[in-house]
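Structure first, commentary second.
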Amino acid sequence: MKIVRIRLPGEEIAYGAVEPEGIRVHRGTPFVAWEPSETVVPFADAHLLAPVFPTKVIGVGKNYADHAAEMGGLVAEEPVIFVKPATAVVGPGAPIVLPSQSEEVHHEAELAVVLGAVARNVDAEDVGAYILGYTAANDVTARDLQRRDGQWGRAKGFDTFCPLGPAIETELDPVGLRITCTVNGEIRQEATTEDMVFGVAEIVSFVSSVMTLLPGDVILTGTPSGVGPIRAGDRVEVEIERVGALLNPVVAVP
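Residue 120 in the numbering used here sits at position 39 of the sequence shown, and the numbers go up by one each step.
Shown next as structure tokens:
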């Protein structure tokens, strides 16, 4: 099943499920109460939002050896994690706003894990029961600020720096999925999740040993090599096999 979050007429926001003829609006959320309504919104009329609004987004750094190398480092012995604020999250089609404080903003295509249940100290072999599904993410990063600050909170925390979407795919094996990122139609990143140093189960288990994960929280699983600059006027597309394509324009700060 593909789960989406849409804006309805009158500014109401609802979850829905993708069907052949459109998006069937559901009452409640996929985390608590979840039942279909009679309303089906045609695809042409659907205003997609980020498919989830998490309490927090956890990122994993240098989880592809080739990306670690292009950043001038080695992979770690355990996952290196950081936090992006929920206010960084935007959906498909929403602009990535380049902040005035940075002159070097990069794209980072990633597979994102969406939690479906409260998770704390979960063993790797039990992780599947806590995952709702997967979506595409762009871990937008102000690379010059990342180098300058040493820690990554500012570089990765600006508003609009975490596009998610277009949908949460709930029936998916995350192993061996193709990940691509294109900028203005040019392929910048291309890899598969087979290349990850730490797999999804290891990552979720590790993060849950540090902090409690809540339903709807998102974990970004790392980016492959090929990260590079984006500029005002660009169109950035992250595509995850069987999940879909996440397209966002890039604009300068007003």
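Ideal Cβ positions, reconstructed from N, Cα and C, are used throughout, including at glycine. All figures in this text were calculated on a predicted structure; none of them were measured in a lab.
- Could you tell me whether the region 192-204 touches the region 160-173, where touching means 3 or more Cβ pairs closer than 8 Å? no
- Message: Is THR168 close to chain B? Criterion is C-beta to C-beta, closer than 8 Å.
- Response: Checking the listed chains, one finds no chain B in this structure; it contains a single protein chain.
- Message: As an exercise, report each continuous alpha helix (DSSP H) stretch of at least 4 residues that is fully enclosed by the region 212-251, in chain order.
- Response: 224-230, 234-238
- Query: For THR274, does the three-state DSSP call read helix, strand or coil?
  - Reply: Counting from 1 along the sequence shown, the entry for residue 274 is found at position 193. Helix, per DSSP.
- Item | Residue closest to THR293, alpha-carbon to alpha-carbon, out of ARG228, VAL99, TYR211 | Counting from one through the sequence shown, the residue named residue 293 turns up at place 212. Answer by Cα proximity: TYR211.
- DSSP three-state assignment for ILE337, whether helix, strand or coil: With the chain running from 82 to 335 in the structure shown, residue 337 is simply not present.
- Three or more beta-carbon pairs under 8 Å between the region 128-146 and the region 83-100, yes or no? yes
- Report all residues from its chain with a CB closer than 8 Å to the CB of THR136; omit the five preceding and five following residues, and keep chain order. Here residue 136 refers to the residue found at position 55 of the sequence shown. Cβ neighbours of THR136 beyond the five flanking positions: ALA167, LEU295, GLY297, ASP298.
- Between HIS148 and the rest of its own chain, which residues show a CB-CB distance below 6 Å, the 5 nearest in sequence each way excluded? As a first step, residue 148 is located in the sequence shown; it is residue number 67 there, counting from the start. Taken in chain order, the residues that qualify are THR304, PRO305, SER306.
- Item | Extent of the continuous beta strand (DSSP E) run through TYR96 | Mapped onto the sequence shown, residue 96 falls at position 15. Segment 94-100, the beta strand (DSSP E) holding TYR96.
- Please list the segments of the beta strand (DSSP E) lying wholly inside the region 118-158, counting only runs of 3 or more residues, in order along the chain. 138-142
- Which residues bound the beta strand (DSSP E) around VAL203? Against the sequence shown, residue 203 aligns to sequence position 122. From DSSP, VAL203 is part of no beta strand (DSSP E); its letter is neither H nor E.
- So what does DSSP say about THR168, is it helix, strand or coil? Counted from its first residue, the sequence shown places residue 168 at position 87. The answer is helix: DSSP assigns THR168 an H, G or I state.
- Within this structure, are the beta carbons of THR216 and MET82 separated by less than 8 Å? For the purposes of this step, residue 216 is taken as the residue at position 135 of the sequence shown. For the purposes of this step, residue 82 is taken as the residue at position 1 of the sequence shown. Contact: no.
- Using CA coordinates, which residue listed in GLY246, VAL156, GLU189, ALA95 is at the minimum distance from SER118? Numbered from 1 along the sequence shown, position 37 holds the residue referred to as residue 118. Per the Cα distances, ALA95.
- Beta-bridge pairing of LEU328 - partner residues as DSSP gives them: What you label residue 328 is simply residue 247 of the sequence shown in a count that begins at 1. In DSSP, LEU328 forms a bridge with GLU318.
- Straight-line Cα distance separating GLY325 from LEU249: Start at 1 with the first residue of the sequence shown, and residue 249 comes out as number 168. Start at 1 with the first residue of the sequence shown, and residue 325 comes out as number 244. It should be pointed out that residue 249 corresponds to Ile in this sequence rather than to Leu. So the two alpha carbons sit approximately 9 Å from each other.
- Might you give, ordered along the chain, the residues of its own chain that have their beta carbon closer than 6 Å to the beta carbon of PRO176, omitting 5 neighbours on each side? Indexing the sequence shown from 1 puts residue 176 at position 95. PRO330, VAL332.
- Query: Taking ALA193 as the reference, which of VAL308, ALA98, ALA282 has the closest Cα?
  - Reply: By 1-based counting over the sequence shown, the position of residue 193 is 112. Ranking VAL308, ALA98, ALA282 by Cα distance to ALA193 puts ALA282 first.
- Message: Could you pull the DSSP bridge partners for ILE177 from this structure?
- Response: Stepping through the sequence shown from its first residue, residue 177 is reached at position 96. According to DSSP, which records beta bridges pairwise, ILE177 is partnered with VAL331.
- Item | Where GLU189 falls, given that 16 or more other Cβ within 10 Å makes a residue buried | The residue given as residue 189 occupies position 108 in the sequence shown. Answer is buried; the Cβ neighbour count reaches 16.
- Are the Cβ atoms of THR302 and ASN144 separated by less than 8 Å? Translated into positions along the sequence shown, residue 302 becomes position 221. Translated into positions along the sequence shown, residue 144 becomes position 63. Contact: yes.
- Query: Taking the C-alpha atoms as reference points, what is the distance between ALA146 and VAL156?
  - Reply: Locating residue 146 in the sequence shown gives position 65, counting from the first residue. Locating residue 156 in the sequence shown gives position 75, counting from the first residue. Approximately 6 Å between the Cα atoms of the pair.
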